[in-house]
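S.K.:
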Amino acid sequence: MKLDILYFAWLRERIGLPRETVETEATTVNALVEELRAREERYALAFSDLAAVRVAIDQELRDFDASLAGAREIAFFPPMTGG
Amino acid sequence: MTSITIRVQRGPFDFGAECTQFADGRQDTGAVVTFCGIVREHEGATLEMMEIEHYPGMTERALDKIARDAAARWSLTEVLILHRYGPLTPGERIMMVATASAHRAEAFAAADFLMDYLKSRAPFWKKETTRVGSDWVAAKDSDEAALSRW
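Taken in sequence, the protein lines are chains A and B. Each residue of the first sequence is one higher than the one before, starting from 2 at the first, in this note's numbering. Each residue of the second sequence is one higher than the one before, starting from 645 at the first, in this note's numbering.
(1) Using a Cβ cut-off of 9 Å (strictly closer), state whether M81 (chain A) contacts chain B.
(2) I believe R670 (chain B) touches A706 (chain B) by the beta-carbon criterion, under 8 Å. Please report the beta-carbon distance rounded to the nearest angstrom.
(3) Checking the sheet assignment: what are the DSSP bridge partners for T25 (chain A)?
(4) Looking only at C-alpha atoms, which of B:A755, B:Y699, B:T703 sits nearest to R717 (chain B)?
(5) With respect to the alpha helix (DSSP H) encompassing F78 (chain A), which residues constitute its N-terminal and C-terminal limits?
(6) Once DSSP output is grouped into helix, strand and coil, what is the label at G674 (chain B)?
(7) Count the other C-beta atoms from every protein chain shown that fall within 10 angstroms of the C-beta of E42 (chain A), then say buried if there are 16 or more, exposed otherwise.
(8) I'd like the span of the beta strand (DSSP E) that includes T773 (chain B), first residue to last.
(9) Let me confirm a value: W794 (chain B) is counted as buried when at least 16 other C-beta atoms fall within 10 Å, else exposed. Which label applies?
(10) In three-state DSSP terms, what is M2 (chain A)?
(11) Please list, in chain order, the chain B residues whose beta carbon lies closer than 8 Å to that of F78 (chain A).
(12) Applying the 10 Å Cβ sphere with the 16-neighbour rule, what's the burial state of R654 (chain B)?
(13) Would you kindly report the start and end of the unbroken beta strand (DSSP E) that includes L691 (chain B)?
(14) Starting from the Cα of E24 (chain A), find the closest Cα among A:S49, A:P80, A:L4 and give me that residue.
(15) Exposed or buried, P767 (chain B), counting other C-beta atoms within 10 Å across all chains shown (16 or more means buried)?
(16) Taking the Cβ atom as the reference point for each residue, do M739 (chain B) and I725 (chain B) lie within a distance shorter than 9 Å?
(17) Along the chain, where does the beta strand (DSSP E) containing D804 (chain B) start, and where does it finish?
(18) With DSSP as the reference, identify every bridge partner of Y729 (chain B), one or two as the case may be.
(19) Which residues mark the beginning and the end of the alpha helix (DSSP H) in which R15 (chain A) is found?
(20) Provide the residue(s) that pair with T649 (chain B) in DSSP beta bridges, ordered along the chain.
(21) Could you compute how far the alpha carbon of V781 (chain B) sits from the alpha carbon of T773 (chain B)?
(22) How would you label G84 (chain A), buried or exposed, when you count the other beta carbons within 10 angstroms and need 16 or more for buried?
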C-alpha cells in the first residue's frame, strides 16, 4: 500500500524532508519504523530513540503498536510544545 | 451548545479586540476568562527568535477536540482558541484562549484545562534561536504530568 509520511521539527531536519510517499507492506507503525530505519543512516538516527518520537495516523495521535489498516497519512514528530 | 472558535494563523492578533468581541452581548454569560501566552526572553536576553512549526489539518482537529472536551466537562457558552505559527520575537503574543460561562469557577477551570492540554496534545513545536545557535524546545515532564490532574 501507499502511505504519505510526514515529518516535523527535528525529525524533519534529521531525515531531510517534510514528507514522502512510501510503498510498504508494514501492518503496524512499529513495522513501518523498522522499514524506515533499514533504509538509510539518517532514518536510523532519527528513529534511534522512539521514546522521543510521537506518531499520528490520519491526524490522530496513536501508539507505535497501532495497526496501519486503512491508514493514508502517517506523521512522526517529537513531543509537542504548544502554548 | 457551546460555540467553539478555533483559529490558527501566522500573523499577529489584536488581544484587546479579541477580548472585547468574545461572548459580547450574550445574556447567558456571567463570566469570561482569558489567557494570553507571550514569547518570553531568556535570562541574559539572548533569545532572538522563536519559530513555531505546526501540522496543518491535525492542529485544527486537535484544538477542536480539546475545546469539545472542555465543553463536555463544564457548562460553557463559548470557547476560543487562537494560536500563531511562524517566526516570533520576544514580547510577541503567541496564543490565547478564552472561555465563557454563567459562573466564574467553570470559566477559570476550563481555561486552565485548555492550556494544559494545548501544551502537550496540540501539534506545535517551538524552535529557539539565540546568539549561539538554534534548537528545538524540549517538552517538559511537568507538562505531561499536569494532565493527570484532570
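Think of the CB as a built atom: it goes at the ideal place given N, C-alpha and C, for glycine as much as any other residue. Values in this document were obtained by computation on a predicted structure and should not be read as measured data.
M.R.: To lay it out plainly:
(1) In the first sequence, residue 81 (chain A) corresponds to position 80, counting from 1. So, interface residue.
(2) Indexing the second sequence from 1 puts residue 670 (chain B) at position 26. Indexing the second sequence from 1 puts residue 706 (chain B) at position 62. The Cβ separation is near 27 Å, so there is no contact.
(3) Reading the first sequence from its first residue, position 24 is the one you call residue 25 (chain A). T25 (chain A) pairs with nothing; no bridge assigned.
(4) As a position in the second sequence, residue 717 (chain B) is number 73, starting the count at 1. With distances taken between Cα atoms, R717 (chain B) lies closest to B:A755.
(5) Start at 1 with the first residue of the first sequence, and residue 78 (chain A) comes out as number 77. From DSSP, F78 (chain A) is part of no alpha helix (DSSP H) but of the beta strand (DSSP E) over 74 to 78.
(6) As a working note, residue 674 (chain B) is residue 30 in the second sequence. Note: G674 (chain B) maps to coil in three-state DSSP.
(7) Taking the first sequence and counting its residues from 1, the one referred to as residue 42 (chain A) is at position 41. With fewer than 16 Cβ atoms within 10 Å of its Cβ, E42 (chain A) is classed as exposed.
(8) Here the question's residue 773 (chain B) lines up with position 129 in the second sequence. Here the beta strand (DSSP E) through T773 (chain B) covers 768 to 774.
(9) Indexing the second sequence from 1 puts residue 794 (chain B) at position 150. Classification for W794 (chain B): exposed.
(10) Walking along the first sequence from the start, residue 2 (chain A) turns up at place 1. M2 (chain A): coil per DSSP, three-state reduction.
(11) Translated into the one-based positions of the first sequence, residue 78 (chain A) becomes position 77. Per Cβ cutoff of 8 Å: Y699, P767, W769.
(12) Within the second sequence, the letter at position 10 stands for residue 654 (chain B). Answer is exposed; the Cβ neighbour count stays below 16.
(13) What you label residue 691 (chain B) is simply residue 47 of the second sequence in a count that begins at 1. Segment 691 to 698, the beta strand (DSSP E) holding L691 (chain B).
(14) To locate residue 24 (chain A), count along the first sequence from 1; it is residue 23. Among A:S49, A:P80, A:L4, the Cα nearest to that of E24 (chain A) is on A:L4.
(15) Residue mapping note: residue 767 (chain B) aligns to position 123 of the second sequence, counting from 1. The residue in question, P767 (chain B), is buried, as its Cβ has 16 or more Cβ neighbours within 10 Å.
(16) For the purposes of this step, residue 739 (chain B) is taken as the residue at position 95 of the second sequence. For the purposes of this step, residue 725 (chain B) is taken as the residue at position 81 of the second sequence. Contact flag set, yes.
(17) Residue numbering for chain B in the displayed model covers 645 to 794; residue 804 (chain B) lies beyond these limits and cannot be assessed.
(18) As a working mapping, residue 729 (chain B) is identified with position 85 in the second sequence. Partner(s): none; Y729 (chain B) has no beta bridge.
(19) As a first step, residue 15 (chain A) must be located in the first sequence, where it is residue number 14. That run of the alpha helix (DSSP H) goes 10 to 16.
(20) As a working mapping, residue 649 (chain B) is identified with position 5 in the second sequence. Note: T649 (chain B) sits in a beta bridge opposite B:L724.
(21) Within the second sequence, numbered from 1, the residue matching residue 781 (chain B) stands at position 137. Within the second sequence, numbered from 1, the residue matching residue 773 (chain B) stands at position 129. Roughly 10 Å between the two C-alpha positions.
(22) Looking up residue 84 (chain A) in the first sequence gives position 83. G84 (chain A) should be labelled buried.
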